[in-house]
Amino acid sequence: MQISQPPIPKYLKQDELTQECEDLISTLPIETGWVTANFYKYQGFWHPVRHLQGIISCQKHFQSQHNDILLVTTPKSGTTWLKSILFALMNRTKFSISKKNHPLLSNNPHVLVPFLEVKLYLENENPDLSLIKSPRLFSTHMPYVSLPRSVHDSQCKIVYLCRNPKDALISLWFFANKLRLEEMGTISLELAFDKFCAGVIMYGPFWDHVLGYWYESLKNPDKVFFLKYEDMKEKPNLYLKKLAEFLECPFSLKEEKEKVVEGILDISSFEKLSNLKVNKEGKLPSGENCSAFFRKGEVGDWKNYLTKEMVEHLDKICKEKLHGSGLDF
Ligand code: PAP
0 MQISQPPIPK YLKQDELTQE CEDLISTLPI ETGWVTANFY KYQGFWHPVR HLQGIISCQK
60 HFQSQHNDIL LVTTPKSGTT WLKSILFALM NRTKFSISKK NHPLLSNNPH VLVPFLEVKL
120 YLENENPDLS LIKSPRLFST HMPYVSLPRS VHDSQCKIVY LCRNPKDALI SLWFFANKLR
180 LEEMGTISLE LAFDKFCAGV IMYGPFWDHV LGYWYESLKN PDKVFFLKYE DMKEKPNLYL
240 KKLAEFLECP FSLKEEKEKV VEGILDISSF EKLSNLKVNK EGKLPSGENC SAFFRKGEVG
300 DWKNYLTKEM VEHLDKICKE KLHGSGLDF
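Mapping the sequence shown onto numbering that gives the first Met the number 0, position 236 (from 1) lands on 235, and the numbers just tick up by one.
Right under this line is the structure:
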């Protein structure tokens, strides 16, 4: 009797590469990945090969429109959260927050706000985006240097979200171990820590990613809105209102009275989203369980995992890398 093997999730697949991508990776520095076998260093940042293929297609073909909104995040900084907030915010007229059939109640936020390089330009080298109604909402983890030319040239807006590196590391470590197949075993915290410090993470080095957008937000504050997970957690009302102003759709007095701000924060909250059937039991088309995107949703969980020596080491690197930038965590 033949025992059938479970299919390999798409996010682990390394075949079906274009010749262009095959040629490119043969020239790039290589490191061992966290979930996939390898990372390749492209334009100064580490990527699994599937993401790389999506990045080069996106760089070649994506045409940004003046009223597009691009959510850019470092991995595990609250992308899922901000996707739901932005979706609810930008569609608040079309989908009233109080409605029982709001799309966020039956769709994972990654489906409602698609990734450019990990979804649209990975599944299709040049997808037809013409049917998406404006303002179009996309997301990416791409570093600033790798953004498609048209993003710089158009008047589209960039919302950038990052997170304290210690919490980002712990979140990434848990996520990677959830995505690894049983036969791959787990990746130890010590190894994950060393790799994080050496910059060898998806879309890393972390500091280079953050600084790329930080400096751009200082130079061009109307184009790039720089946000930290911790600030959004501490003062969600304030930052949601700032976001709405940045995106040129401020809340009216009537909306404030009707508690639309609170409604958006409620429907996007960790408690609400993580308890929905779609997020508890669903899977993304790329194979990840939706539940993998919801763990604790707290600030400071690193204290439960990192040793005193690890904290000192990471703080020292962080201080050196961010020195003189005006940014800290
Ligand atoms: P991604 O980069 O793979 O898209 P991303 O959504 O950025 O993942 O990060 C997941 C983190 O955001 C998880 O953090 P944790 O591991 O420290 O718990 C997840 O729990 C947290 N998260 C998800 N949804 C929310 C939410 N609605 N509010 C606050 N945090 C959230």
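Don't be surprised by glycine CBs; every beta carbon is placed ideally from N, CA and C. These numbers come from a predicted model, not from an experiment.
Would you give the residue range spanned by the alpha helix (DSSP H) that residue i belongs to?
i    : result
S56  : V48 to H60
N176 : P164 to L178
Y238 : P235 to F245
K256 : L252 to K256
E21  : Q18 to I24
K82  : T78 to M89
K218 : F205 to K218
I266 : V259 to I266
V310 : K307 to L321
E189 : L188 to C196
V150 : R148 to D152
V110 : P108 to L111
Please report the residue range of the beta strand (DSSP E) in which residue i lies.
i    : result
L283 : Per DSSP, L283 belongs to no beta strand (DSSP E) and is neither H nor E.
F224 : V223 to K227
F269 : From DSSP, F269 is part of no beta strand (DSSP E) but of the alpha helix (DSSP H) over F269 to S273.
C161 : K156 to C161
K40  : N37 to Y41
Evaluate residue i with the Cβ neighbour count: other Cβ atoms within 10 Å of its Cβ, from every protein chain shown; 16 or more gives buried, anything less gives exposed.
i    : result
R148 : exposed
H322 : exposed
S76  : buried
L334 : Residue numbering for the chain in the displayed model covers 0 to 328; residue 334 lies beyond these limits and cannot be assessed.
S105 : exposed
S170 : buried
S187 : exposed
E270 : exposed
A197 : exposed
S251 : exposed
G299 : exposed
K256 : exposed
K98  : exposed
V150 : buried
L237 : exposed
V310 : exposed
K156 : buried
D166 : buried
E189 : exposed
K59  : exposed
E233 : exposed
List the whole-angstrom C-beta distance separating residue i from residue j, where the pair is believed to meet the contact cut-off of C-beta under 8 Å.
i    : j    : result
P74  : M201 : 5 Å
L16  : Q52  : 6 Å
V259 : I96  : 6 Å
L239 : I68  : That belief does not hold up - the Cβ atoms of L239 and I68 are roughly 14 Å apart, past 8 Å.
N123 : F328 : No, N123 and F328 are not in contact; Cβ-Cβ is about 37 Å, not under 8 Å.
L210 : S324 : 6 Å
V48  : Q18  : Not quite, the Cβ-Cβ distance comes to about 13 Å (not below 8 Å), so this is no contact.
W213 : L326 : 5 Å
Can the beta-carbon of residue i be found closer than 9 Å to that of residue j?
i    : j    : result
V158 : F245 : yes
V71  : H140 : yes
H50  : L121 : yes
L180 : I55  : no
S145 : T78  : no
N100 : N278 : no
A291 : F174 : yes
C57  : L128 : no
L11  : L115 : no
E308 : V199 : no
L160 : L226 : yes
V223 : E229 : no
L242 : L136 : no
W172 : Y304 : yes
W45  : G203 : yes
W80  : G281 : no
Q331 : P142 : With the chain covering 0 to 328 only, the question about residue 331 has no answer from this structure.
L313 : L168 : yes
L264 : P235 : yes
K9   : L27  : no
H109 : C317 : no
V117 : S268 : no
So, does the CB of residue i fall closer than 9 Å to a CB anywhere in chain B?
i   : result
K40 : Any reference to chain B falls outside this structure, which holds one protein chain only.
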